[in-house]
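Read the structure below first, then the notes.
In this note's numbering, the protein residues as written are 1030 to 1343.
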């Protein structure tokens, strides 16, 4: 979901270029009904969607993640064979992107990778570096990331440090926010966006599978003690996400949270950035709290180890 927001300005530039044809494949949470099918936002933004890649197995365990990568390789290979692209453009470190990279590499397709060379300290970092090794061209977000790619053996002439594409959106976005975008989505407390509120996002750390429910319970207890109005986004679909979701549901049932907590499945990229910019503080472990929040100057409390190794204030 987040990666569409980062890719959007790149997709727009490709779509407008007279010598390029944009082909879009949507996978992962983008095509799932329980996340309100974010691919509909892609279509609403005017982009063509040439294929939907269904690769996710239910269960949210390490085994289902591994099997989902396998299914993804098969499905991406089918789509590449049908669409016959000249270049496959990927971003970040998601296992969906890893599956897409493996399929493209074995089909001798040129691969371009955005946001390679970054360090996070989890399985996502391993996936990111693997995608970089499959890639032929690299567009890292920072100078340090570019240096890491060179140390990994990538040729300097294939590396162009262009910055994070989401910064283009952040720089141009109108930060005015209609409260309906928050209070018309999800359930729980009505959030007064003109007063201080928190934004919380907590995803599972796959290398700590089994401990995420306890982590989420402790985070929720901390939020309860503060009881500031809080917008809480549901986690992604990585291993352990079901445990986090269960902790949220049990917490809502146990405590009277309607006075301060609003839970939302998904927000469109620009709306999410507006909420992040307007929040008094962001709490959790989303990568957007490391990069996008620093652009807006939003204070952040990072929770857990998911973003260990990330560059700060870039």
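Backbone N, C-alpha and C fix where the C-beta goes; we use that ideal spot for every residue, glycine too.
- Along the length of the segment 1152-1209, whole alpha helix (DSSP H) runs at least 4 residues long occupy 1152-1163, 1172-1180, 1195-1201, reported in chain order.
- For residue 1072, the enclosing alpha helix (DSSP H) begins and ends at 1068-1073.
- Around residue 1097, the same chain offers 1084, 1085, 1086 as residues with beta carbons nearer than 6 Å, after the five sequence neighbours per side are excluded.
- Between residue 1217 and the set 1257, 1288, 1234, the nearest pair of CA atoms involves 1288.
- Membership of residue 1142 in any alpha helix (DSSP H) is not indicated; the residue belongs instead to the beta strand (DSSP E) covering 1139-1143.
- Inter-segment contact for the segment 1272-1291 and the segment 1303-1318 is absent: fewer than three beta-carbon pairs are separated by less than 8 Å.
- DSSP places residue 1218 in the coil class of the three-state scheme, outside both helix and strand.
- Boundaries of the alpha helix (DSSP H) around residue 1043: 1031-1045.
- Exposure of residue 1103 is indicated by the presence of fewer than 16 other C-beta atoms within 10 angstroms of its C-beta.
- Listed in chain order, the non-local C-beta contacts of residue 1051 below 8 Å within the same chain comprise 1040, 1043, 1044, 1076, 1077, local neighbours out to five positions each way being set aside.
- Rounded to the nearest whole angstrom, the C-alpha separation of residue 1194 and residue 1200 is 10 Å.
- With 16 or more neighbouring CB atoms inside 10 Å of its own CB, residue 1119 falls in the buried class.
- In this structure residue 1255 is exposed. Its beta-carbon is surrounded by fewer than 16 other beta-carbon atoms within 10 angstroms.
- In this structure, the alpha-carbon of residue 1208 lies about 6 Å from that of residue 1222.
- Counting only runs of at least 3 residues, the segment 1277-1315 fully encloses the following beta strand (DSSP E) elements, listed from N- to C-terminal order: 1290-1293, 1310-1313.
- For the pair of segments examined, the segment 1232-1244 was found not to touch the segment 1051-1061: the number of CB pairs separated by less than 8 Å stays below three.
- Residue 1178 places its beta carbon less than 7 Å from that of residue 1146.
- Annotation for residue 1093: the continuous alpha helix (DSSP H) segment containing it runs 1091-1112.
- When 1094, 1153, 1133, 1129 are compared, the shortest CA-CA separation from residue 1316 is found for 1153.
- With at least 16 other beta carbons inside 10 angstroms of its own, residue 1130 counts as buried.
- For residue 1321, the closest of 1295, 1135, 1197 by C-alpha to C-alpha distance is 1197.
- Exposed is the label assigned to residue 1137, since fewer than 16 other Cβ atoms lie within 10 Å of its Cβ.
- An exposed status is given to residue 1328, since fewer than 16 other beta-carbon atoms sit within 10 Å of its beta-carbon.
- The alpha-carbon separation between residue 1049 and residue 1037 amounts to approximately 16 Å.
- Cβ neighbours of residue 1330 within its own chain (closer than 7 Å, five residues either side excluded): 1310, 1312.
- Under DSSP, residue 1131 takes part in no beta bridge, so it has no partner.
- The beta carbons of residue 1234 and residue 1268 sit no closer together than 7 Å.
- Under the DSSP assignment, residue 1251 falls in the alpha helix (DSSP H) whose first and last residues are 1241-1255.
- In its chain, beyond the 5 residues on either side, 1141, 1187 have a beta carbon closer than 6 Å to the beta carbon of residue 1166.
- Rounded to the nearest angstrom, the gap between the Cα atoms of residue 1215 and residue 1248 is 20 Å.
- Residue state for residue 1266 is assigned as coil, using DSSP reduced to three classes.
- DSSP, reduced to helix, strand and coil, places residue 1322 within a helical segment of the structure shown.
- Within the same chain, Cβ atoms closer than 6 Å to the Cβ of residue 1106 are found at 1132, the five residues on either side in sequence being excluded.
- Residue 1161 and residue 1283 have their C-alpha atoms spaced approximately 45 Å apart.
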